[in-house]
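**Student:** These protein sequence lines are chains Z and B, in that order.
Take 9 as the starting number for the first sequence in the working numbering and just add one per residue.
Take 9 as the starting number for the second sequence in the working numbering and just add one per residue.
Protein chains: 2
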Amino acid sequence: MPQQPPRHHVQRSKVRARYDRDSVHAILDAGLLAHVGFCVDGQPFVIPMLYARDGDTLLLHGSIASRLVTTLAAGIDACIGVTHVDGLVLARSHFHHSVNYRSVVAFGRATLVDEPAAKVAALAHLVDALIPGRAAESRPADRNELAATHVLRFAIEDASAKVRDGGVKEDAADLDLPHWAGVVPQQVRHGTPAPADAAAAALPLPASVRALLATDEAVP
Amino acid sequence: MPQQPPRHHVQRSKVRARYDRDSVHAILDAGLLAHVGFCVDGQPFVIPMLYARDGDTLLLHGSIASRLVTTLAAGIDACIGVTHVDGLVLARSHFHHSVNYRSVVAFGRATLVDEPAAKVAALAHLVDALIPGRAAESRPADRNELAATHVLRFAIEDASAKVRDGGVKEDAADLDLPHWAGVVPQQVRHGTPAPADAAAAALPLPASVRALLATDEAVP
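Set out below in C-alpha cells:
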C-alpha cells in the first residue's frame, strides 16, 4: 500500500513547490490577509483574518465575543492559506489559461496569547503588518482594549509554498492559431489617502503611508 | 440551551453582514481566486483555486491526478472564502486599525461535471472569469484536455457576505492625539501585457485585455 504523503506536500505541479523557510516567509510577509480553515464536527469553516508573521508563527486576533476565534483558540488543527495573484496567463487554448501566483498553505494550531505585554506587542506587530512603521505612529492598546481582544499565536508545524511565474505554456500545435497570447501582470496599488477628519488633513502624511506609496511607484 | 446559529450566520459585527443573493454574487463576480476548505479525518485543508460563478454555483477545476480535487469531488462538505481588500484603515489607536474589505463565505458541496459539452462550457466560463471575453479569443478544450481535467460544480447551500467600507472608527478620547488617521484605498491594477512570442507581439492586443486595462483607467 502506498504511504500517504505528508499533509503539506504538494502533489500536483511539484516543480512549483517550495518547502524552504525563506520562500514560505517571503510570501507570508508580502500579505496581510489569510484564509483560516478549521473543522467543527466535520464541518469546514474558512474565515478571512488579518495576520502578522512572527518567526515561525502567525499572529491573529479577534473579538473575545467571536465564536470562531474562541474555537480556534482551543488549539484545534487549523490550515491557513495565503495567496497573491501576480498575473493573468492567457494562452491560445482555454486549457492552458492560468494565473501567476505565490501561495502558502500552512498547517498548525493556535494558542491564546494571555500575558498583557505580549498581547500589546502582538497587536503592534499586527498594525505593522498592515503597513510597516505604523505602530509607532499610533497609540498602543490599553487595558480595556486588551480585555476585549483575543490574540492567537498560530504555530506553523508544516508549510509549503507554491509559485507559478514566467510565461505561457502552450501546445506546439496551437502556436499557429491566430490568437494573442501573453501574460498580463497585476499588483495591488494604493490610491490617494483620505484623511479621517480636519485634524488629520492638517497633518503631513505619516512616514508609513509615504513609504507605502513610494513602494507602489517603484513597481514597473 | 441557546439554539446554535446557522453555520453561515455572521456572529460578529452583524451590521456588516449581508445575506442577499445580489450582494453575495457581486463579491464573487469581482474575484477569480477562492480559498477552498474541507476536512479529511478532522484535518482541515485550505487550497487556493480559480473559480467562476454560474448562478448559485461555483465552477472549479483541477487535474484528474489531484488528490485534493478528487477528495472534493466526492461531495464532502466544503467551505469557500473569497475576500477583496479595498483599503487600509489607519486609526489613531492600534485597536481600531482595520481594513476595508468585501468577503463571502459559502458553504456547500461539489459534484463532478461529467458530460463533455458541459465540461467544455465550464472551462470556457472559467476563462471568461479570469478575464471577460477571453473564451472567444482562444481554443476550447479538446477531448484529451477534457480527459485530463476534473470540472467541479460547487452548489452554494448557504452564504454570507461581509463588507466593511467607509472611514475610521475612533474613540473620542483619541481624537486629540497628534497622529494622522485615515483610509488608504487599494485596488488590483494591471501592468503592461507581455506577449508570449513574436507571433503574439505582431497582433494587436485582444479586446479582452483592452477592456481590462480600460477598467483600471476608470478607477479613480
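Positions of the beta carbon are idealized from the N, C-alpha and C atoms, including for glycine.
In this text, all values refer to a predicted model and were calculated from it rather than measured experimentally.
Considering just the uninterrupted stretch of the alpha helix (DSSP H) at A208 (chain B), what are its terminal residues?
**Tutor:** Start and end: A206 to A209.
**Student:** Note the first and the last residue of the continuous beta strand (DSSP E) segment covering A169 (chain B).
**Tutor:** Element bounds for A169 (chain B): T157 to R172.
**Student:** Got a sec: which bits of the segment 79 to 101 of chain B sit with their beta carbon under 7 Å from any beta carbon on chain Z, in order along the chain?
**Tutor:** Going along the segment 79 to 101 of chain B in chain order, one finds D85, A86, C87, I88, G89, T91, V93, L96, L98, A99, R100 and S101 with a Cβ nearer than 7 Å to chain Z.
**Student:** Could you check the C-alpha separation between V107 (chain B) and L96 (chain B) for me, to the nearest Å?
**Tutor:** Taking the straight line from one Cα to the other gives about 5 Å.
**Student:** At what residue ranges does the segment 35 to 85 of chain B contain a whole run of the alpha helix (DSSP H), taking only runs of 4 or more?
**Tutor:** Entirely contained in the segment 35 to 85 of chain B, the alpha helix (DSSP H) runs reaching 4 residues are, in chain order, 75 to 81.
**Student:** Output, in chain order, the set of chain B residues within a Cβ distance shorter than 7 Å of R15 (chain Z).
**Tutor:** Per Cβ cutoff of 7 Å: Q51.
**Student:** Is the number of C-beta pairs between the segment 58 to 76 of chain Z and the segment 51 to 70 of chain B that are closer than 8 Å three or more?
**Tutor:** Not touching, per the Cβ criterion.
**Student:** Can you give me, in chain order, the residues of the segment 180 to 194 of chain Z that have a beta carbon less than 9 Å from any beta carbon in chain B?
**Tutor:** Listed by position, the residues of the segment 180 to 194 of chain Z near chain B (Cβ gap below 9 Å) are D182, L183, D184, L185, P186, H187, W188, A189, G190, V191, V192, P193 and Q194.
**Student:** Excluding sequence positions up to five away, which residues of its chain have a Cβ less than 7 Å from the Cβ of L213 (chain B)?
**Tutor:** If we look at L213 (chain B) and ignore the five residues flanking it on each side, its Cβ neighbours are P201.
**Student:** Quick one, which residues of the segment 41 to 72 of chain Z are near chain B if we go by CB-CB under 8 Å, in chain order?
**Tutor:** Answer in chain order: L41, H43, V44, G45, F46, C47, G50, Q51, P52, F53, V54, I55, P56, L58, G70 and S71.
**Student:** Comparing C-alpha positions only, which one of B:A209, B:V192 and B:A204 sits nearest to D224 (chain Z)?
**Tutor:** The shortest Cα separation from D224 (chain Z) among B:A209, B:V192 and B:A204 belongs to B:V192.
**Student:** Looking only at C-alpha atoms, which of Z:A144, Z:V128, Z:P203 and Z:V44 sits nearest to T157 (chain Z)?
**Tutor:** It is Z:V128 whose Cα lies nearest to the Cα of T157 (chain Z).
**Student:** Excluding the 5 residues flanking H17 (chain Z) on each side, which residues of the same chain have their C-beta closer than 6 Å to its C-beta?
**Tutor:** Counting only Cβ-Cβ distances below 6 Å, and skipping sequence neighbours, we find nothing.
**Student:** Please name the residue in B:H92, B:L160, B:R147 and B:F103 whose C-alpha comes closest to that of V113 (chain B).
**Tutor:** Comparing Cα-Cα distances from V113 (chain B) to each of B:H92, B:L160, B:R147 and B:F103, the minimum goes to B:H92.
**Student:** Distance, Cα to Cα, G116 (chain B) vs H133 (chain Z)?
**Tutor:** If you take the alpha carbons of G116 (chain B) and H133 (chain Z), they lie about 35 Å apart.
**Student:** Give, in chain order, every unbroken run of the beta strand (DSSP E) that is at least 3 residues long and sits entirely within the segment 80 to 143 of chain B.
**Tutor:** Complete beta strand (DSSP E) runs here, min 3: 85 to 98 and 106 to 121.
**Student:** What residues from chain B crowd round V217 (chain Z), counting only those whose CB sits closer than 7 Å?
**Tutor:** Residues of chain B passing the Cβ test: V192.
**Student:** From C47 (chain B) to V32 (chain Z), what distance separates their C-alpha atoms?
**Tutor:** Between C47 (chain B) and V32 (chain Z), the C-alpha separation is close to 23 Å.
**Student:** Within its chain, find whatever has a CB closer than 6 Å to the CB of L149 (chain Z); leave out the 5 residues flanking it on each side and keep chain order.
**Tutor:** Residue identity check: residue 149 (chain Z) is Ala in the sequence provided, not Leu. So the qualifying residues of the chain are V128 and L131.
**Student:** Suppose you measure from the CA of E153 (chain Z) to the CA of A180 (chain B); what does that come to, to the nearest Å?
**Tutor:** Their Cα atoms are separated by approximately 14 Å.
**Student:** Does the beta-carbon of K22 (chain Z) have 16 or more other beta-carbons within 10 angstroms, so that it is buried, or is it exposed?
**Tutor:** Classification for K22 (chain Z): exposed.
**Student:** So, using beta-carbon positions, are A86 (chain B) and F162 (chain B) closer together than 8 Å?
**Tutor:** Taking 8 Å as the Cβ cut-off, A86 (chain B) and F162 (chain B) qualify as a contacting pair.
**Student:** Does F162 (chain Z) get closer than 8 Å to chain B when you measure Cβ to Cβ?
**Tutor:** No, no contact with chain B.
**Student:** Please report whether the beta-carbon of A167 (chain Z) lies at a distance below 8 Å from any beta-carbon of chain B.
**Tutor:** False, the Cβ-Cβ gap to chain B never drops below 8 Å.
**Student:** When the cut-off is 8 Å and only beta carbons count, does I35 (chain Z) lie next to chain B?
**Tutor:** No, I35 (chain Z) does not count as interfacial toward chain B.
**Student:** Taking just the CA atoms, how far does A169 (chain B) sit from Y27 (chain B)?
**Tutor:** Cα to Cα, the separation comes out at about 6 Å.
**Student:** At the 8 Å Cβ level, is R110 (chain Z) part of the contact set with chain B, yes or no?
**Tutor:** Closer than 8 Å: no.
**Student:** Run the CB neighbour count on R142 (chain Z), radius 10 Å, all protein chains shown included, and call it buried at 16 or more, exposed below.
**Tutor:** Classification of R142 (chain Z): buried, given that the 10 Å Cβ count is 16 or more.
**Student:** What does a CB cutoff of less than 6 Å around A42 (chain Z) pick up in its chain, not counting 5 residues either side in sequence?
**Tutor:** Cβ neighbours of A42 (chain Z) beyond the five flanking positions: M57, Y59, I88 and V90.
**Student:** What's the call for A99 (chain B), buried or exposed, on a 16-neighbour Cβ count within 10 Å?
**Tutor:** Buried is the call here.
**Student:** Could you compute how far the alpha carbon of P140 (chain Z) sits from the alpha carbon of V54 (chain B)?
**Tutor:** Their Cα atoms are separated by approximately 27 Å.
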